[in-house]
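Beneath this line is the structure, given in structure tokens, with notes to follow.
There are 2 protein chains.
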Amino acid sequence: MPVRSSTTGEPEDTPVPQRLLAVATRLFAERGYDRTSVQEIVEAAGVTKGALYHYFGSKDDLLHEVYARMLRLQQQRLDAVADSDAPVEERLRAAAADVVVTTIENLDDAMIFFRSMHQLSPEKYKQVRAERRRYHERFRALVEEGQRTGVFSTATPADLVVDYHFGSVHHLSTWYRTDGPLTPQQVADHLADLLLRALRP
Amino acid sequence: MPVRSSTTGEPEDTPVPQRLLAVATRLFAERGYDRTSVQEIVEAAGVTKGALYHYFGSKDDLLHEVYARMLRLQQQRLDAVADSDAPVEERLRAAAADVVVTTIENLDDAMIFFRSMHQLSPEKYKQVRAERRRYHERFRALVEEGQRTGVFSTATPADLVVDYHFGSVHHLSTWYRTDGPLTPQQVADHLADLLLRALRP
DNA sequence: GGCGGCAGACTAACCAGTCGGTATGTCGGG
DNA sequence: CCCGACATACCGACTGGTTAGTCTGCCGCC
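In structure tokens:
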């Protein structure tokens, strides 16, 4: 007979490392990184510290894993969209909407990302910032392309435009509720629309 | 001869409570609330724990004071702008730019606000959220007024528009550098302009 | 001679990470 | 076909260090 090893709803047949990561993600998002003890994580995952330190080098590593997963996902999605051969305004619209949808679909990760990034160890922090910058630059290139070819207004520097949009993405984890009136896609369409409207010449 | 009671640059003739608050604000912004110990705060302020707990009930109180100060300031500035009798698009532009300028001028407070709000005790957290919502609603009323009178597009719900703009304000503490190329006023003008352009019918 | 303003030692509760130990599995040789 | 050697996966008590908050008492001013 299967043993209920955990008080939470995590399925106990998923491999231990994934289970630890999933539980840690949830707890970090709920209580914050610093206020979540390693003991709480292992209890919620139905294992002990020995198991956690068998698979992860440190608590910090756990946090870093969350970031790596999310960065990988978003970068590859942006690359796919930006590499298409649609007109630049359609590529920007798709990219702007896509980052909103994936952020909402991983709201816990996003929350952790923006609230706990500075609690990573200095080297890991630098690494995450660097990958984040690559993402930012790819996005900015789309805006600049549109400005060069005259389909977007040049009234605002491209950097500022990108920060403007990412600000709203960042903010999603603060106000978006899964049980609210708008679906992720609707929110994404609206936010992408606001961006494109602001860029009209 | 005056005693250098502190290793930091805090003037030692300002009253102890204000000095503690100033030091705590700086440290919270630098290291985060959880990673700043009460011991560090009192040492940087050149006093001891006895002094801190004489003026403040808890570490949490210190954090709450930072919020109260900032919320008071922004609410009264918004009220002043919104109550003027200029056309609604001018009032919204002024409000949108003003919140950017005051946020940049108090970047430490803003950083703490968005990163550490959820570390307040539940009651204080609720109180801060309630005041924040009042601010949000006053701002939204401006957007709705413009939409009703036909000077703003109704393509996007007013709530979303406000969240879009506040997202970028929120984000400022992540990317804005005092030694960067843009003055606070220039950033504010650009961001307000993006908002107004997005709202063109 | 009392009182606000503060000092600083103290406590009780944690917490991240370690380490010796155990159970289960795998593989090569005799 | 079995046995020992080694590896992987995990357990849980323990350690050294840190923390918020308390408390007793001193000191100078009214």
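Chains as they are written, first to last, in the working numbering: chain A, 2 to 202; chain B, 2 to 202. Backbone N, C-alpha and C define an ideal beta-carbon position, used for all residues, glycine too.
First and last residue of the uninterrupted alpha helix (DSSP H) at residue i
i, result
"A:Phe114", "108 to 117"
"B:Val152", "Neither: B:Val152 is in no alpha helix (DSSP H) and is coded neither H nor E."
"A:Asp164", "159 to 176"
"A:Ala199", "185 to 200"
"B:Gly51", "50 to 56"
"A:Asp80", "60 to 83"
"A:Thr26", "17 to 32"
"B:Gln120", "Element bounds for B:Gln120: n/a, residue is neither H nor E."
"B:Ala45", "39 to 46"
Short CB-CB distance (under 8 angstroms) between residue i and chain B
i, result
"A:Phe116", "The residue asked about is misnamed: residue 116 of chain A is Arg in this sequence, not Phe. Closer than 8 angstroms to some Cβ of chain B, the Cβ of A:Arg116 qualifies, so yes."
"A:Pro18", "no"
"A:Thr157", "yes"
"A:Val120", "Position check: residue 120 of chain A holds Gln in this sequence, whereas Val was assumed. Yes, contact with chain B."
"A:His191", "yes"
"A:Phe140", "no"
"A:Leu93", "no"
"A:Leu21", "no"
Within-8 angstroms CB hit, residue i to chain A
i, result
"B:Thr103", "no"
"B:Gly33", "yes"
"B:Ala199", "yes"
"B:Gln186", "no"
"B:Leu64", "no"
"B:Tyr68", "no"
"B:Leu143", "no"
"B:Asp194", "yes"
"B:Arg36", "yes"
"B:Pro202", "no"
"B:Gly168", "yes"
"B:Asp164", "yes"
"B:Leu28", "no"
"B:Leu74", "no"
"B:His55", "no"
"B:Leu161", "yes"
Straight-line Cα distance separating residue j from residue i
i, j, result
"A:Asp84", "A:Asp99", "14 angstroms"
"B:Gly147", "A:Glu41", "50 angstroms"
"A:Tyr165", "B:His172", "8 angstroms"
"B:Leu53", "B:Ala193", "41 angstroms"
"A:Leu72", "A:Glu132", "7 angstroms"
"B:Ala46", "B:Leu21", "6 angstroms"
"B:Ala189", "B:Val101", "5 angstroms"
"A:Ser7", "A:Ala111", "Caution is warranted here: a pLDDT of 36 is assigned to A:Ser7, below 50, making its placement in the model unreliable, and no coordinate value can be reported."
"B:Leu79", "B:Asp86", "14 angstroms"
"A:Val39", "A:Glu124", "22 angstroms"
"A:Val17", "A:His65", "18 angstroms"
"A:Phe115", "B:Arg32", "15 angstroms"
"B:Arg149", "B:Asp160", "14 angstroms"
Reference residue i; option with closest CA among the options
i, options, result
"B:Gln1", "B:Asp190, B:Leu63, B:Arg133", "The question about residue 1 of chain B has no answer here: the residues shown for chain B are numbered 2 through 202."
"A:Tyr126", "A:Gly47, A:Ala142, A:Val67", "A:Val67"
"A:Val162", "A:Ala189, A:Thr103, A:Val129, A:Ala97", "A:Ala97"
"A:Arg36", "A:Pro185, A:Ile113, A:Gly181, A:Asp80", "A:Ile113"
"B:Ile105", "B:Leu28, B:Ser169, B:Arg201", "B:Ser169"
"B:Phe140", "B:Val89, B:Ser38, B:Leu195, B:Gly58", "B:Val89"
"A:Gln76", "A:Val129, A:Tyr34, A:Arg116", "A:Val129"
"B:Leu200", "B:Thr179, B:His137, B:Arg94", "B:Arg94"
"A:Phe29", "A:Gln187, A:His55, A:Glu138, A:Ser117", "A:Ser117"
"A:Val82", "A:Asn107, A:Gly181, A:Ala142, A:Tyr34", "A:Ala142"
"A:Arg70", "A:Gly151, A:Val48, A:Asn107, A:Glu145", "A:Asn107"
"B:Val152", "B:Gly58, B:Arg178, B:Arg198, B:Thr15", "B:Arg198"
Closer than 7 angstroms: residue i CB and nearest the ligand NAD heavy atom
i, result
"B:Ile105", "Questions concerning the ligand NAD fall outside what the structure shown contains, since it holds no ligand whatsoever."
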